[in-house]
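Asks: Heads up: the sequence shown begins at 10 in this note's numbering, then just goes up one per residue. Glycine residues also receive a C-beta, built at the ideal position from the N, C-alpha and C atoms.
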Amino acid sequence: MGDFVIRPYQSADRQSVRNICYETGFMGEPVDWLWPDKESFADLFTIYYTDVEPESAFVVEAISDDRTGDSRQPNKIIGYLTGCIDTRKIPSHIDIAFKHLFMRALPLRPSMARILWRSARDIVVDAVAMHTLLQNELIDPRWPSHLHIDLLPEARGKGVGRMLIDTWINRLVEVGSPGCHLRTLAENHNAIKFFETVGFSKWGDPTPVPGFRTRQLERMHVQSMVRPL
Ligand SMILES: CC(C)(COP(=O)(O)OP(=O)(O)OC[C@H]1O[C@@H](n2cnc3c(N)ncnc32)[C@H](O)[C@@H]1OP(=O)(O)O)[C@@H](O)C(=O)NCCC(=O)NCCS
């Protein structure tokens with residue numbers, strides 16, 4: 010990778026953001042083997058941020074050296090940070106999932122049947138074991154904002170992630186948010202190390218994610234992390 014620039018999200022970046030979300034959705038690797046339906050996965054993790062709160066999204070654009078004259082191709086988007094100032098505004102993941110389940114008839118698609126039935130079974134098993142229904146967003150006035158961050162492999166390990174976080178934190182300070190949280194897979198040890206390095210701390214215990222499994226078919230968990238401002 011040559012140079013890159015971090016800039017505010019534009020509507021023309023929407024498909025790139027959705028593609029990166031899917032290409033990095035399994036702890037930085039493609040999630041297709043686990044969740045074969047790209048549109049529902051991208052909607053679950055990007056649609057609010059690109060379509061409702063685009064002013065809180067930033068992209069990383071690679072600046073290629075070999076572009077000339079009028080035949081310039083758009084620069085490649087190699088990562089993004091999507092954010093939400095007030096998590097109370099975000100629609101429930103369950104609502105988005107229902108739209109895909111019923112309007113796009115996902116349960117009738119053979120490729121999705123496995124994870125959907127496994128998710129349903131996990132939800133019931135967890136409800137019985139933990140006496141609680143599905144965990145929704147983390148709503149806490151100490152850290153009302155939240156973020157998602159994903160970089161393509163070629164953008165990682167070069168300080169881009171830290172710069173995106175700094176850009177986001179600056180925006181939160183500008184708008185007066187008292188704090189930010191995020192949720193990551195507890196098994197994503199690299200991401201957790203990164204977030205700890207840039208000022209986040211683990212908050213609460215990891216909780217199981219319905220349907221998600223490691224490649225060894227072990228259950229996966231979500232870990233919340235917080236950063237007061
Ligand atoms: C996680 C991710 C956003 C980090 O971005 P990055 O550009 O690779 O990280 P940076 O190069 O900016 O690293 C920032 C700091 O974190 C540290 N860090 C990053 N990964 C680390 C790791 N695995 N272990 C220890 N420290 C780590 C770096 O050493 C650096 O420290 P420094 O600034 O004090 O030198 C990026 O690697 C990524 O998108 N990964 C795949 C998708 C993903 O897991 N997203 C998070 C899902 S919630």
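Does the beta carbon of ARG171 fall short of 6 Å from some heavy atom of ligand 1?
Replies: ARG171 Cβ: within cutoff of ligand 1.
Asks: Need the endpoints of the beta strand (DSSP E) that ASP159 sits in, please.
Replies: Here the beta strand (DSSP E) through ASP159 covers 154-160.
Asks: What residue range does the beta strand (DSSP E) around PHE13 cover?
Replies: Unbroken beta strand (DSSP E) run through PHE13: 12-17.
Asks: Please report the straight-line C-alpha distance between ASP22 and ILE86, rounded to a whole angstrom.
Replies: Between ASP22 and ILE86, the C-alpha separation is close to 8 Å.
Asks: Does DSSP put LYS85 in a helix, a strand or coil?
Replies: It is coil, neither helix nor strand.
Asks: Within the continuous alpha helix (DSSP H) that includes ASP104, where are the two ends?
Replies: It spans 102-107 - the alpha helix (DSSP H) in which ASP104 sits, taken as one unbroken run.
Asks: Bridge partners of HIS230, per DSSP?
Replies: Bridge partners of HIS230: PRO217.
Asks: For a test of your reading of the model: does the CB of ARG165 fall under 6 Å from any non-hydrogen atom of ligand 1? Yes or no.
Replies: Correct: ARG165 has its Cβ closer than 6 Å to ligand 1.
Asks: Got a sec: does ligand 1 put a non-hydrogen atom nearer than 6 Å to the Cβ of ILE72?
Replies: Because no heavy atom of ligand 1 lies under 6 Å away, the Cβ of ILE72 does not count as near it: no.
Asks: How far does the alpha helix (DSSP H) with ILE94 in it reach, from first residue to last?
Replies: Element bounds for ILE94: n/a, residue is neither H nor E.
Asks: By how many angstroms is the C-alpha of GLY166 removed from the C-alpha of ILE201?
Replies: Approximately 14 Å between the Cα atoms of the pair.
Asks: Quick one: what does DSSP say VAL182 is sitting in, helix, strand or coil?
Replies: Residue state, collapsed to three classes: helix.
Asks: In this structure, how does DSSP classify ASP70 when only helix, strand and coil are distinguished?
Replies: The identity of residue 70 in the sequence shown is Glu, whereas the question assumes Asp. Here GLU70 sits in strand by DSSP.
Asks: Alpha carbon to alpha carbon, how far is SER73 from ASP135? Give it in angstroms, no decimals.
Replies: Approximately 48 Å between the Cα atoms of the pair.
Asks: Can PHE13 be considered in contact with ligand 1, in the sense that its beta carbon sits closer than 6 Å to one or more heavy atoms?
Replies: Checking every heavy atom of ligand 1 against the Cβ of PHE13, none is found closer than 6 Å.
Asks: Which one or two residues does DSSP pair with PRO237 in a beta bridge?
Replies: Answer is GLY188.
Asks: To which residues of the same chain is ARG253 closer than 8 Å at the C-beta, ignoring the five residues directly before and after it?
Replies: The question about residue 253 has no answer here: the residues shown for the chain are numbered 10 through 238.
Asks: With distances taken from CA atoms, which of ASN197, HIS198, PHE209, ALA138 is nearest ARG171?
Replies: The shortest Cα separation from ARG171 among ASN197, HIS198, PHE209, ALA138 belongs to PHE209.
Asks: Within its chain, find whatever has a CB closer than 7 Å to the CB of GLY168; leave out the 5 residues flanking it on each side and keep chain order.
Replies: So no residue of the chain qualifies.
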